[in-house]
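The structure appears right after this line, and notes come after that.
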Amino acid sequence: MSVGLQRLREEPDLIRRGALDKGEDAALVDRALELDARRRRLLGEADGLKAERNRASKQVGDAIRGGAAPDGPRVAAFRAASVAAGERIAALDAEAAAVEAELEDALLRIPNPADPDVPVGDADANVVVRTWGDLLPRAGAGPDGPWERKPHWDVAEALGIIDLERGAKVAGSGFPVYRGAGAALQRALIDFFLGVHTRENGFTEIWPPAVVNAASARGTGQIPDKEDQMYVITRDELYLVPTAEVPVTNLHRDEIFEPDALPVRYAAYTPCFRREAGAAGKDTRGILRVHQFDKVEMVLFERPEASGEALEWMTGRAEDLLRRLGLAYRVLLMATRDMGFVQAKKYDLEVWAPGVERWLEVSSCSNFRDYQARRMAIRYRPAPGAKPELVHTLNGSGLALARVVAAILETYQRPDGSVVVPEPLRATLGTDTLLPS
RNA sequence: GGAGAGGUGCCGGAGUGGUUGAUCGGAGCGGUCUUGAAAACCGCAGGGCCUUCGCGCCCCGUGGGUUCGAAUCCCACCCUCUCCGCCA
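Oh and the first sequence: position 131 is 178 in the working numbering, straight run, nothing missing.
Given below as structure tokens:
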């Protein structure tokens, strides 16, 4: 994942500005430029010598075929020339490789510049773009007088649908067990999301592996950026996926799309595994922050000129799901220092959870422009026979289940402890109300 | 897990040390012909690097090695296929 060298050379100021806006070190830009110049100098010199060596080698062959003695003086001279060039080439190549490694390292630490319309600043600068639905207060007015909405963990316990203790027993804390209607609710949500995406939004459904190899983890930047967030199966050198983004984006690694192939739009369900290292003690109750959760992810490959519009569209698709579930939410345009290293523009969708009176992040929709594509070498041909160019990649949750479940339980609970099932899920669940056990 | 075969360009498929970065076929693109299309014929046609654009350099699964010279020889690893074993 990196900015392009060509762009770095042509617009160093823009890249520098982008790094500063994201709170990163802009000096790396100059470091990279310097390394790039050195690398090109070394490469040029080495290439010249290689041409010499190739010529000498060819002369050996020509001389022998022309009747010269294979061990005669003429042939020996050509051989010597080739060997001499070879020695210098080896030295230059070694140096070039070292410089290139340094350059790569510098490039990797230069962030993707944010789009011009992204607010500059930290979380305070995030912009609420829109809000939808009624923000229910914790205190409600029921048929038998005032009542207090409960947090989802209390609702879930009364219904007997989430078993955190037994999850901790069989796997560990942060691995919830969904039971009965709770399990069916998971299945219903996954089916609802995928159904809308495939039948109405034109996505192709993908059911990818839940583990990836090191090359794939590197492709989307999990290695080295977020390595300690992933569960690793060391014996087989595999990583449990933290999101479907990883396997699905890597589907087209090192590929070239033909002119009429784009856009390619995938919707994929996977369980997601996250170690949540460094988040100990945060959101420990309920299912707001867990090590395993379920998510349907949207992954888009777009032509560069279409990616800006595609982000708005994709965000709209995620919002549509929340509306149909009748959950109040807001859309945040994330500011430069709160959006992440690799995103060019990002919207977060936060659902309102009246039981805990908090906004819960249930989707994050990002445009990476060509930043991810460069690292994974995902390209497209603008026209038949034309030179390949990098595609733009985007992805967004549509949606993440655990927090949606929390919001449903808190939004649709009733004073008697029952929970109304949102309309789109009723057919699968076979009921319109969940009753306390 | 055991045995065998193989990994070459968009696909198929040649090539086992010296203009082979790669024969050939198909698909593709451009053209001729045609009212149009098909067919036929001609031509173009892999990816990347370098502000030296050059009959320049690198790439035939990946990484090393041998050699003046490697797609071709050697070693390791990865992957695919077939058979056997095991198994949801």
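Beta carbons: idealized from backbone N, C-alpha and C, even for Gly. These figures come from a predicted structure and were not determined experimentally.
Problem set entry | Straight-line Cα distance separating Lys69 from Gly229 | Residue numbering aside, residue 229 sits at position 182 when the first sequence is read from its first letter. Residue numbering aside, residue 69 sits at position 22 when the first sequence is read from its first letter. For Gly229 and Lys69, the distance between alpha carbons rounds to 41 angstroms.
Exercise. Going along the chain, which residues of its own chain have a beta-carbon closer than 8 angstroms to the beta-carbon of Ala153, five neighbours each way excluded?
Worked result: By 1-based counting over the first sequence, the position of residue 153 is 106. Within its own chain, the residues whose Cβ lies closer than 8 angstroms to the Cβ of Ala153, once the five positions on either side in sequence are excluded, are Leu75, Arg78, Ala79 and Leu82, listed in chain order.
For this session: Please go through the segment 420–452 and give each complete beta strand (DSSP E) segment of 3 or more residues, from N-terminal end onward.
Result: Uninterrupted beta strand (DSSP E) stretches at least 3 residues long and entirely within the segment 420–452 occur at 439–447, given in chain order.
Exercise. What is the rounded straight-line gap between the Cα of Asn297 and the Cα of Lys97?
Worked result: One-based indexing of the first sequence puts residue 297 at position 250. One-based indexing of the first sequence puts residue 97 at position 50. Pairing Asn297 with Lys97, the inter-Cα distance amounts to about 35 angstroms.
Exercise. Of the residues Arg85, Leu441, Ala186 and Glu142, which one's Cα is nearest the Cα of Pro401?
Worked result: The residue labelled residue 401 in the question sits at position 354 within the first sequence. Distance from the Cα of Pro401 is smallest, within the candidate group Arg85, Leu441, Ala186 and Glu142, for Ala186.
For this session: Counting only runs of 3+ residues fully inside the segment 352–419, write out the beta strand (DSSP E) ranges in chain order.
Result: You should have 376–380, 392–400 and 405–416.
For this session: Could you give the DSSP three-state label for Phe340: helix, strand or coil?
Result: For the purposes of this step, residue 340 is identified with residue 293 of the first sequence, where counting begins at 1. It is a strand residue.
Problem set entry | Nearest residue (CA-CA) to Val50, options Ala141, Arg422 and Glu204 | In the first sequence, the residue the question calls residue 50 occupies position 3. The option with the nearest alpha carbon to Val50 is Arg422.
Exercise. Thinking C-beta only, is Ala103 closer than 8 angstroms to Ala128?
Worked result: Start at 1 with the first residue of the first sequence, and residue 128 comes out as number 81. Start at 1 with the first residue of the first sequence, and residue 103 comes out as number 56. Yes, they are a contact pair.
For this session: Mind reading off the beta-carbon distance from Leu335 to Ala218? Whole number of angstroms is fine, and I expect it under 8 angstroms.
Result: Here residue 335 corresponds to residue number 288 of the first sequence, with the count starting at 1. Here residue 218 corresponds to residue number 171 of the first sequence, with the count starting at 1. About 18 angstroms separates the two Cβ atoms, so there is no contact after all.
Exercise. Nearest to Tyr286 by alpha carbon, out of Thr267, Thr480 and Leu481?
Worked result: By one-based count along the first sequence, residue 286 stands at place 239. Comparing Cα positions, the closest option is Thr267.
For this session: Could you tell me whether the segment 315–324 touches the segment 336–343, where touching means 3 or more Cβ pairs closer than 8 angstroms?
Result: Yes, the segment 315–324 touches the segment 336–343.
Exercise. Under a Cβ-count criterion, where at least 16 other Cβ atoms within 10 Å of its own Cβ denotes burial, should Gly247 be classed as buried or exposed?
Worked result: Mapped onto the first sequence, residue 247 falls at position 200. Per the sequence presented here, residue 247 reads as Glu, with Gly not at that position. Within 10 angstroms of the beta-carbon of Glu247 lie fewer than 16 other beta-carbons, which makes it exposed.
Problem set entry | Cβ-Cβ distance between Val378 and Tyr394 below 8 angstroms | As a first step, residue 378 must be located in the first sequence, where it is residue number 331. As a first step, residue 394 must be located in the first sequence, where it is residue number 347. Pairing Val378 with Tyr394 gives a Cβ-Cβ distance under 8 angstroms.
Exercise. Which of helix, strand or coil does DSSP assign to Ile455?
Worked result: Residue 455 sits at position 408 when you count from the first residue of the first sequence. Looking at Ile455 - three-state DSSP - the assignment turns out to be helix.
Exercise. Cα separation between Leu372 and Glu470?
Worked result: By one-based count along the first sequence, residue 372 stands at place 325. By one-based count along the first sequence, residue 470 stands at place 423. Rounded to the nearest whole angstrom, the C-alpha separation of Leu372 and Glu470 is 7 angstroms.
Exercise. Taking Cβ to Cβ, would you say Pro223 is nearer than 8 angstroms to Val403?
Worked result: Within the first sequence, numbered from 1, the residue matching residue 223 stands at position 176. Within the first sequence, numbered from 1, the residue matching residue 403 stands at position 356. No Cβ-Cβ contact shorter than 8 angstroms links Pro223 with Val403.
Exercise. Where do the N-terminal and C-terminal ends of the beta strand (DSSP E) with Glu204 fall, by residue?
Worked result: Against the first sequence, residue 204 aligns to sequence position 157. Looking at the DSSP string, Glu204 is not in any beta strand (DSSP E); the run it does join, the alpha helix (DSSP H), is His199 to Leu206.
Exercise. Of the choices Glu204, Glu195, Arg234 and Gly214, whose alpha-carbon is the least far from that of Arg473?
Worked result: Reading the first sequence from its first residue, position 426 is the one you call residue 473. Of the candidates Glu204, Glu195, Arg234 and Gly214, the one whose C-alpha sits nearest the C-alpha of Arg473 is Arg234.
Exercise. Short check: CB of Leu487 to CB of Ala132, under 8 angstroms?
Worked result: No statement about residue 487 is possible, as the shown extent of the chain runs from 48 to 484 and does not include it.
Exercise. Counting only runs that start and end within the segment 261–328, where is the alpha helix (DSSP H) found for 4 or more residues in a row?
Worked result: Those alpha helix (DSSP H) runs which fall completely within the segment 261–328 and span 4+ residues are 261–266, 269–272 and 292–297.
Problem set entry | Span separating the alpha-carbon of Phe329 from that of Arg56 | Taking the first sequence and counting its residues from 1, the one referred to as residue 329 is at position 282. Taking the first sequence and counting its residues from 1, the one referred to as residue 56 is at position 9. Looking at the sequence shown, residue 329 is not Phe but Lys. About 43 angstroms.
For this session: For the beta strand (DSSP E) holding Ile334, just list the boundary residues, first then last.
Result: Here residue 334 corresponds to residue number 287 of the first sequence, with the count starting at 1. Per DSSP, Ile334 belongs to no beta strand (DSSP E) and is neither H nor E.
Exercise. Going by DSSP, what residues sit across from Thr178 in a beta bridge?
Worked result: Taking the first sequence and counting its residues from 1, one reaches residue 178 at position 131. Arg377.
Exercise. Can you tell me whether Asn101 is buried or exposed, with buried defined as 16 or more other CB within 10 angstroms of its CB?
Worked result: As a working mapping, residue 101 is identified with position 54 in the first sequence. Asn101 should be labelled exposed.
Exercise. Which of the three DSSP states, helix, strand or coil, is assigned to Val258?
Worked result: Sequence index remark: in the first sequence, residue 258 carries index 211 (1-based). In the structure shown, Val258 adopts extended strand secondary structure according to DSSP, grouped into three states.
For this session: Confirm, please, whether the CB-CB distance from Val398 to Leu369 is below 8 angstroms.
Result: For this step, residue 369 is matched to residue 322 along the first sequence. For this step, residue 398 is matched to residue 351 along the first sequence. Leu369 places its beta carbon less than 8 angstroms from that of Val398.
Problem set entry | Proximity below 8 angstroms, CB of Leu396 to CB of Ala430 | Sequence index remark: in the first sequence, residue 396 carries index 349 (1-based). Sequence index remark: in the first sequence, residue 430 carries index 383 (1-based). Result no, Cβ atoms of Leu396 and Ala430 do not sit closer than 8 angstroms.
For this session: Compute the distance between the beta-carbons of Glu284 and Leu309, then report whether it is under 8 angstroms.
Result: One-based indexing of the first sequence puts residue 284 at position 237. One-based indexing of the first sequence puts residue 309 at position 262. No, the Cβ-Cβ distance between Glu284 and Leu309 is not below 8 angstroms.
Exercise. Where do the ends of the alpha helix (DSSP H) carrying Ala170 lie?
Worked result: The residue labelled residue 170 in the question sits at position 123 within the first sequence. Here Ala170 belongs to no alpha helix (DSSP H), and DSSP marks it neither H nor E.
Problem set entry | Span of the beta strand (DSSP E) around Thr12 | There is simply no residue 12 to check, as the chain begins at 48 and stops at 484 in what is shown.
Exercise. Where does the unbroken alpha helix (DSSP H) through Ala128 begin, and where does it stop?
Worked result: Residue numbering aside, residue 128 sits at position 81 when the first sequence is read from its first letter. Element bounds for Ala128: Pro120 to Leu155.
For this session: Answer yes or no: do Phe304 and Arg428 have a C-beta to C-beta separation smaller than 8 angstroms?
Result: In the first sequence, the residue the question calls residue 304 occupies position 257. In the first sequence, the residue the question calls residue 428 occupies position 381. Their beta carbons are under 8 angstroms apart, which means Phe304 touches Arg428 by this criterion.
For this session: Please report how far the alpha carbon of Phe250 lies from the alpha carbon of Asn442, in whole angstroms.
Result: One-based indexing of the first sequence puts residue 250 at position 203. One-based indexing of the first sequence puts residue 442 at position 395. Using only the alpha carbons, I get a separation of about 12 angstroms.
For this session: Reducing DSSP to helix, strand and coil, say where Pro193 ends up.
Result: On the first sequence, position 146 is the one that residue 193 refers to. Here Pro193 carries a strand assignment [DSSP, helix/strand/coil].
For this session: Can you tell me which of the three DSSP states Asp210 falls into?
Result: For this step, residue 210 is matched to residue 163 along the first sequence. Strand, per DSSP.
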